[in-house]
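So the structure is just underneath, and the comments pick up after that.
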Amino acid sequence: MNLIRLEELFADPRDLALFHALQEGLPLLARPYAALGERAGYTEDEVIARLEAWRTSGLIKRLGVIVRHRRLGYLANAMVVWDVPDTEVRRVAAELCQRSFVTLCYRRPRRGPDWPYNLFCMIHGQDRNRVESQVRQLIDDCGMASWPTATLFSSRCFKQRGARYIPENRMVSSVRHGQYA
Amino acid sequence: MNDTERTIINGLQGGFPVCERPFLAAAERLGLSEEALIDGLRGLLDAGVLSRFGPMYHAERLGGALSLVAMEIPAADFEQIAGQVNAFPEVAHNYARDHTFNMWFVLATEKPERKTEILDEIERITGYRVYDMPKLTEYFVGLRLDV
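Keeping their order, the protein sequence lines are chains A and B. Per our numbering: the first sequence ends with 301, consecutive numbering throughout. Per our numbering: the second sequence ends with 140, consecutive numbering throughout.
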C-alpha cells in the first residue's frame, strides 16, 4: 500500500486547492473553469490544462452528473456475488461485463465461511422480477450454475453521496480563502 | 421529469467538456441552449436527483483507500448502528441489503492508514464486527442509467 498524501501528490498548493474546489462541484456559470481558477490561484487556461492532464492520467475517472439512481426509479438494485474458482474469475468477469445490464464488476477477497464470495457485480434495475431473470440468464450464459451465489437487493439507502476527501491541514482552507489567489 | 432533464441525465454521465465555454459546447451537442443546460442542472441538483455535478476521482490513484464494508446487524439495532456508522464523513454511502450481512457501506479515506483506524473505531463503538472487502480487480466501470 502506498502512502502518498494529497499534499505530496500535488506539489503545487494550487493543485490541491483546485482538487478540493472541483470536488464540491463545477460552478454553474458560463465559464466554470475561470471561477475555479479564481479560488485556486490559477488562470482559466491553467485550470483547463490541469484538468486535461488529470483526465489523461486517470486521476479524474469521469466528469459529469452523479445521479441518485433511486430518485430515477432504479429501486431494484442487486449486488450479485459468486464463489468463482480463482482460475476462472477473469474469464467469467469478462463475460459478465458484456451484458448491458451489468453496471459494475469487481473481484474482492473472500471473508471466511460466512462470506465465501469473490466476484461481485451490480445490476441496477427498475423491476425486481426482471433483475432476477437477468441473474438467471447470467448464470446460464456464463456457465456459473455449480458455484455458490447470492443476490442481495438493497432495501434502503441510508446515505448516498460521492466519495469526498476531507482536507486535513490548514493550508487547504487558507488556499481556499484565496491566500494564493 | 421533463425532456430537457432527461436529455441532460442521459447525455452528461461522463465526458463533460474541458474548454472555455463547456456548458455551451455540451449544450450544442445535446441540442439545448447554454442557459437551458445550466438551469436544468441547477434544477436537478436542487431537486436532489443529482448528488453532484463534477468529477469522479480515482481514489486509489490519489493514494487513498476505498473499500466496501459489510456488517451483520440485528434488526432491532439497525437504525442506531446506521446512525453511528454514517456519522463518519468518510462513509460515502450505506445500503441495507437482504442478507445476514445486511449493512453495506463504502468507505473512502484520503490516507490508507486512516481506513484501518475508522474500521477499528466502528467495531469499538458499535460492538459488531466489520468485514472489509476492498476491490482486488475492477472489471467494469460503465455505470450508466438511462431515464
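For glycine and all other residues, C-beta sits at the position ideal for the given N, C-alpha and C.
- For tyrosine 153 of chain A, the enclosing alpha helix (DSSP H) starts and ends at 152 to 160.
- By the CB criterion at 8 Å, leucine 149 of chain A and alanine 155 of chain A fall inside the cutoff.
- Secondary structure at proline 48 of chain B: strand, using DSSP grouped into helix, strand and coil.
- In the structure shown, histidine 244 of chain A adopts extended strand secondary structure according to DSSP, grouped into three states.
- Within chain A, Arg182, Gly184, Val185, Ile186 and Val187 have C-beta atoms less than 9 Å from the C-beta of glutamine 6 of chain B, given in sequence order.
- At least 8 Å separates the CB of cysteine 262 of chain A from every CB of chain B.
- Under DSSP, alanine 80 of chain B takes part in no beta bridge, so it has no partner.
- Straight-line spacing of the CA atoms in isoleucine 243 of chain A and valine 255 of chain A works out to 9 Å.
- Note on geometry: alpha-carbon atoms of asparagine 249 of chain A and glutamine 257 of chain A lie some 12 Å from one another.
- Nearest C-alpha to alanine 20 of chain B among B:Leu38, B:Glu(-2) and B:Gly41: B:Glu(-2).
- DSSP places leucine 100 of chain B inside the beta strand (DSSP E), whose first and last residues are 96 to 102.
- Under the Cβ distance rule, glycine 161 of chain A does not count among the residues neighbouring chain B, no pair being separated by less than 8 Å.
- Just so you know, the alpha carbons of leucine 129 of chain B and tyrosine 226 of chain A end up roughly 7 Å apart.
- Valine 11 of chain B places its beta carbon 8 Å or farther from that of glutamate 144 of chain A.
- Listed along the chain, the chain B residues whose CB falls inside 8 Å of the CB of glutamate 172 of chain A are Val11.
- Here glutamate 83 of chain B is buried: its Cβ has 16 or more other Cβ atoms, across all protein chains shown, within 10 Å.
- Neighbourhood of isoleucine 2 of chain B in chain A, by CB distance below 9 Å: Val185, Val187 and Leu192, in chain order.
- DSSP places lysine 108 of chain B in the uninterrupted alpha helix (DSSP H) bounded by 105 to 119.
- Judged by DSSP secondary structure, leucine 224 of chain A falls within the beta strand (DSSP E) whose first and last residues are 222 to 227.
- With a 10 Å radius around the Cβ and a threshold of 16 neighbouring Cβ atoms, serine 275 of chain A comes out exposed.
- For methionine 126 of chain B, the nearest CB of chain A lies under 8 Å from its own CB, placing it at the interface with that chain.
- The C-beta distance from methionine 126 of chain B to arginine 231 of chain A rounds to 7 Å, short enough to meet the 8 Å contact threshold.
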